[in-house]
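Since the structure comes first, as structure tokens, the remarks are kept for the end.
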Amino acid sequence: MATMLKPRDEADTARVLSWAVAERKSLEVVGAGSKRAVGRPVQTEHVLNMTGLAGVSLYEPGELVFSAAAGTLLNDVEAALEEHAQQLAFEPPNLSRFLGTGHKPPTLGGTVAANMSGPRRIAAGAARDHVLGLRAVTGRAETVRVGGRVMKNVTGYDLCKLLTGSWGTLAVLTEVTVKVLPRPEAEATVIVTGQSADEAVRAMSAALASSVSVSGAAHIPAVLAARSAVSAVTMAASSVTALRIEGFRASVRARRETLLAELKPFGPLETLDGRTSARLWGEIRDVSLLPADGDNVVWRLSTIASKGPDVVRNVSIGEDAEALYDWGGGLVWLVQPSPGDGGAEAIRSVLERTGGHATLMRAPPSTRGAVSVFEPQPEPLASLTRRLKAAYDPHAILNPGRMYAGV
Amino acid sequence: MLKMPDIDKKVLSRRGDIVAALAGMLPSDSLIWHETEMRVFQSDGLSAYRQMPMVVVLPKTTEQVANVLRYCHQNSIRVVPRGAGTSLSGGALPLADAVVVGMTKFNRILEIDYDNRCVVAQPGVTNLAISDAVGERSFYYAPDPSSQIACTIGGNVAENSGGVHCLKYGLTTNNVLGVELVLINGEVLRLGGKHLDAEAYDLLGLLVGSEGLLGIVTEVTVRILRRPETARAMLLGFASSRAAGDCVGAIIAQGIIPAGMEMMDRPAIHAAEAFVRAGYPLDVEALLIVEIDGPGVEVDALLSRVLEIAENHGAVHSRASASEEERALLWAGRKAAFPAVGRISPDYYCVDGTIPRAQLSHVLEQMAGLSKKYGLGLANVFHAGDGNLHPLILYDANKADELEKAERFGADILKLCVKVGGVLTGEHGVGVEKRDLMPVMFSEAELNQQQRVKCAFDARSLLNPGKMFPTLHRCAELGRMHIHRGQVPFPDIPRF
Amino acid sequence: MQTRFTAKQLSDPDVAHCEKILRSCVHCGFCTATCPTYVLLGDELDGPRGRINLIKDMLENDRPATDEVVTHVDRCLSCLSCMTTCPSGVNYMHLVDHARAHIERTYRRTFEDRMMRALIAFVLPRRRLFALSLAPARLMRPFLPVLRRIPGLDRLAAMLALVPRRRGGSRPSMRAGTTLAGEGFPAGRVIVMQGCVQPALNPDIMRATVDMLVRHGHEVVIARGEGCCGALAHHLGRKEEALRAARRMIDTWLGEVKRAGVDAVIVTASGCGTTIKDYAHMLREDPEYAGKAERVRALAKDVHEFLEERGFGPTARETGLRVAYHAACSMQHGQKIRKAPRALLEVAGFEVVDVPEGHICCGSAGSYNILQPEIAGALKERKIANIERVKPDLIATGNIGCMTQIASATSIPVVHTVELLNWASGGEMPPVLRRGLASLEQGAEKSTAQVRESAAAAG
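Chains A, B and C are the protein sequences, given in the same order.
The opening position of the first sequence corresponds to residue 1 in our numbering, with each subsequent residue numbered one higher.
The opening position of the second sequence corresponds to residue 1 in our numbering, with each subsequent residue numbered one higher.
The opening position of the third sequence corresponds to residue 1 in our numbering, with each subsequent residue numbered one higher.
Okay, structure coming up:
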């Protein structure tokens, strides 16, 4: 049983890392633990629990900037922002239910460390596009500040981008500063029912190319749609292609009409009001429509949107591919039966041809240990990755092997 | 005086061989080695600094770039990448012993993919040319630095360029999907592509804004957006910059994120108006240009709200554009404001810093004081929406000490920016211009860590040396682990 | 920009003027974006900013021109697109003109180069000589493919290739020393400049201009004593020759003014217009002619300018023809006349479309298409492709050089704007249209009939 270390603040964190570096003790870095089971299995003697660093440190709504300690729960962040009618535009998901780690909300730090973004990523950008600054302790036990608190900042290398999505392998985040944006006054969703994935991608592409300003574009095949808690979706008894619009009330009304006209050639249409829309997108965001953990594995593929359905066709083992398409088709949550390599080889070879990458998001530890969880990198890229790891964490103290062997 | 790295005399002594070797890898119109011809490459947009390079190459293919870099790497020859040479921070300033690799012959658009809303272009294509190429289907490429008519997309990637519309649409880094990159040792790799997000470390995000220090980009994939249904711009004149700044804060506080929100002070307004004749009011202290875009019904409603807010903050002048032509004209003055200042002063020095917007009035007051102290005029252009400030210091390069005074004035402004919670550079990059101010913003540990990142890409510091960082540590030295001073290793697990 | 000229150097008024121009450049680089040679070649040396630097270096150091400087300055089209783009107001035109004169003075060109330039400078400005040279030039056409391959003769081949296949124009040119009375209410007295190559290449332009002006009440003078406006010599750097030509024109025109007063000197070739409007600057150091040049500058008007000022009105004929308006560089950048030609064509009942990349030169640029055939050819191809993209019925422009260049590579009829305006206001149909577009004429007459019908129906 690994010992748990739970620092109270940044100084404590630095002390732990100094000790770990000096004594060559590796650490599993954990927030609320919602994504603990993602990645190659990490074996360490000690666990560094960052939830002790919690609390808002700066919030200036008029400046669109918000800072909080890395261990602050996302729910608390969102509650603070809601008071001023603002939000994290990248719509971070809560994957704890999907991943079977309970109902705990993730931490802000964990969200940033995994670059977790929701459906609105396609319009507003990913987490990495909203991180303005970070404080962290590197694997050299040095406390550093990267970025700042302003949007326009090109001073030095953009290390915020390097640390965001690094899954705790380069540094331990202690404070996160994000850009926040106004929460839209209203939202609505137009759904097209009964489309195949190919038709859906064409419809979504048309919607995204129109001047309507779509902030969510997803396709839910019938087998997944059946699991929705939104009655309009289950009652359709077919696949559902969903397009979301957000903004000022009058604007949403007008754009809804335009979108309906735009989508008319694609099939039967329905509109979902604000509350229903929000519920549906919550399901898409948190991946709740996928089957529960069982004898299946789930891959998260990022590929060229127009090629999404092709990729799924070419990699799927078995007849009924359970695949949730988000980001207009460019993000695919793919369920595969688990025996063997869980489809890893097929996925890797198809993506090499098409372009894109896949991450194994949910699988038993045996599978996670046997296949490449993160997309394998060709040589110049792989050695660059290793050199950057060495620059930050030369003794592989932090989450060793979480992403790749030796990283 | 600006200290550049010591010249490698051994390399210079072999100039003849080097030129011959490069001639063997490149077509004849890709090699420039006569002194008179090299002279036009000795400076970029920061024209106060000039340095003759050793030789200039203008390759046409990725293979040629890789061959040149591999050769330079093998022979420890320094390389300075160059786009259109419009950098305002000296990013393309040559070194006497360096090969300047100009990417302007990479000037074709390779693919337009409307289904996936992206464009693949060579790095020498200008920013505006990308928007022009997709204009017939009402698409455009959103980041619009004011030099967009001339600056290249490759240069934009190097500097993480912004522009007037980045408040709503993001900077270059938020709009680039992928690149093909050549490392200093000649290896070619691809980062990103038409898909979203990185597979592991966000090396693409790291590369954007790295100012030519990590590699040379040979292809860029960018996101294109559908032009909003309508866009209208509004001019708002105020009797004081404080009033204008407060108005900006109020607009944002009401949940309105304009497509662009710019501010100019009196001298800037006059210079821009002389060039463009857009009808800027000449009797106000501060002018805001606010642009709202989106569906027609939304634009008109928001514009009325903005007008209301402006009136509540004492706007003395207001005018909304009534046509696309008028909207373009209103922006043309702002976009040409820097060089238009060339009409009222022989030379100008453009400073680029970012501050929290609420600090604007304070910073403007302080700058007015500095202007008096140094005896140099000042015109201000400000990305009001995101706090990025462009003071234009007016001077005369033909007068002995004015350049130096202008630089000290600029340095004082930047230190002030950092002091009030901002940063040294918002979009023009560090280059040589702000290099020596980096310690104002970063601790030694932080600067070392940034250099370690550089070492992962270019261990011999051959790419664009003398830029971005004031002192160079050798990579081996940085790689060695050292325990913090004063910290004693302790075997006991820390308890809290 | 910082400059380093000595007081002695600055005592030369030309150098002093250049220094002022150089100081106004802030090295921003915007100009490169719209420079045709930079857009083609992607080399700073072949863009305005690079050329400014080369010229600055040469003048500051009192150096004779070198091979490199000459190569890059020779490649400059003098299209002046850079001046339109420059936010700092750098007068690139005067700088490059001075550089050309400096090159001519200090640089020894190759034999072939000198021969070509001498040929151009001697033949083209002399109306009768040029006209006589066209027939033998046409006979050489079959030999062009061979000539092109002989080193040193490629430029001669380029020049011969520009000679139009058939005799230009359908009527003999109007004679110098003629005055035509205006019809109807007198609207004033104007001189219409003849030009040097225009009368031989396309006398229809002059004919249409004169017909139109006469019909609108103007007394039109075709002055005796006009030579070449001097633009050709000026752009070859032959400064004294250019000034002599300018003085001659000024004397001729002011002679007419003295004789019976003149309201305007109308120029139908925008390339000439730019130079004529620059006479005052060119002759500013000449105490005898400075004032006269200024008077001429006030009188000189491009035909579009003149018609717009006089309020050319709507016409009865809606031809329904789709016209691509090609804005000559000298028109849009040199004289900054941008709206008038389009507006006039629209008022005349044509559907006017702009040419994509319209700010980029067609490659004619005076004698550039002879001296730099490769670049001129590439620009011509690009221009034709852009024009054909908008699928026009015809192409209209206001400069003979462009007309010749564009007509040499497309089958779409090319006319001078004034020919269309003349036709629309009651004059005859441009011959080139009649030849190539019999069907279009039917279509045009059909639509005229439709207009009449609907007018009758509205009654």
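Beta carbons: idealized from backbone N, C-alpha and C, even for Gly.
Check                                                                                                                                  : Outcome
Own chain, CB closer than 8 Å to residue 96 of chain C, minus 5 neighbours either side, in chain order                                 : 51, 55, 73, 76 and 78
Unbroken alpha helix (DSSP H) run spanning residue 112 of chain B, endpoints                                                           : Run containing residue 112 of chain B: none in the alpha helix (DSSP H); it sits in the beta strand (DSSP E), 109-113.
Neighbourhood of residue 21 of chain B by C-beta distance below 7 Å, restricted to the same chain and skipping five residues each side : 71
Start and end residues, alpha helix (DSSP H) containing residue 392 of chain A                                                         : 379-392
Test: residue 68 of chain A CB closer than 8 Å to a CB of chain B                                                                      : no
For residue 32 of chain B, the three-state DSSP class (helix, strand or coil)                                                          : strand
Integer Cβ distance of residue 112 of chain C from residue 238 of chain C, believed to fall under 8 Å                                  : Incorrect: roughly 18 Å between the Cβ atoms, too far for contact.
Any C-beta of chain C under 8 Å from that of residue 521 of chain B                                                                    : For residue 521 of chain B there is no data in the structure shown, the boundaries of chain B being 1 and 496.
Local conformation of residue 487 of chain B per DSSP, three classes                                                                   : Per-residue confidence for residue 487 of chain B stands at a pLDDT of 47, beneath the threshold of 50, marking its modelled position as unreliable; the derived number appears in the next sentence. Three-state DSSP puts residue 487 of chain B in coil, outside helix and strand.
Collapsed DSSP secondary structure at residue 204 of chain C in the structure displayed                                                : helix
Local conformation of residue 306 of chain C per DSSP, three classes                                                                   : helix
Short CB-CB distance (under 8 Å) between residue 232 of chain B and chain A                                                            : no
CB contact below 8 Å: residue 374 of chain A versus chain B                                                                            : yes
Supposed close pair residue 453 of chain B, residue 388 of chain A - CB separation, criterion 8 Å                                      : 7 Å
Buried or exposed (CB count within 10 angstroms, at least 16 for buried), residue 485 of chain B                                       : For residue 485 of chain B, the pLDDT reaches just 44, beneath the cut-off of 50, and the residue's location in the model is therefore unreliable, leaving the point undetermined.
Endpoints, the alpha helix (DSSP H) within which residue 15 of chain A is located                                                      : 10-23
Cβ-based burial, residue 110 of chain B [other Cβ within 10 Å; buried from 16]                                                         : exposed
Whole-number beta carbon distance between residue 79 of chain B and residue 462 of chain B, since they are thought to touch under 8 Å  : 6 Å
Start-to-end residues for the beta strand (DSSP E) that takes in residue 325 of chain C                                                : 322-326
Residue-level contact to chain C via CB, residue 43 of chain B, 8 Å cutoff                                                             : yes
Integer Cβ distance of residue 418 of chain C from residue 394 of chain C, believed to fall under 8 Å                                  : Contact flag wrong, Cβ pair sits at about 14 Å.
Classification of residue 315 of chain B by the beta-carbon crowding that lies within 10 angstroms, buried from 16 upward              : buried
Bridge partner(s) assigned by DSSP for residue 383 of chain B                                                                          : B:388
Status (buried if at least 16 other CB within 10 Å, exposed otherwise) for residue 283 of chain B                                      : exposed
Collapsed DSSP secondary structure at residue 127 of chain B in the structure displayed                                                : helix
Residue-level contact to chain B via CB, residue 28 of chain C, 8 Å cutoff                                                             : yes
Residue range of the beta strand (DSSP E) that includes residue 238 of chain B                                                         : 230-238
Reduced DSSP secondary structure (H/G/I, E/B, other) of residue 336 of chain A                                                         : strand
Candidates B:390, B:277, B:106 and B:397: closest to residue 411 of chain B by CA position                                             : B:390
Euclidean distance between Cα positions of residue 166 of chain B and residue 172 of chain B                                           : 8 Å
CB of residue 379 of chain C within 8 Å of CB of residue 362 of chain C, strictly                                                      : yes
Rounded C-alpha distance that separates residue 455 of chain B from residue 249 of chain A                                             : 52 Å
Burial state of residue 91 of chain B (16 or more Cβ within 10 Å)                                                                      : buried
Separation of residue 101 of chain C from residue 109 of chain C, as counted between CA atoms                                          : 13 Å
Residue 318 of chain B - DSSP class collapsed to helix/strand/coil                                                                     : strand
Cβ distance (whole Å) where residue 466 of chain B is taken to contact residue 5 of chain B below 8 Å                                  : 5 Å
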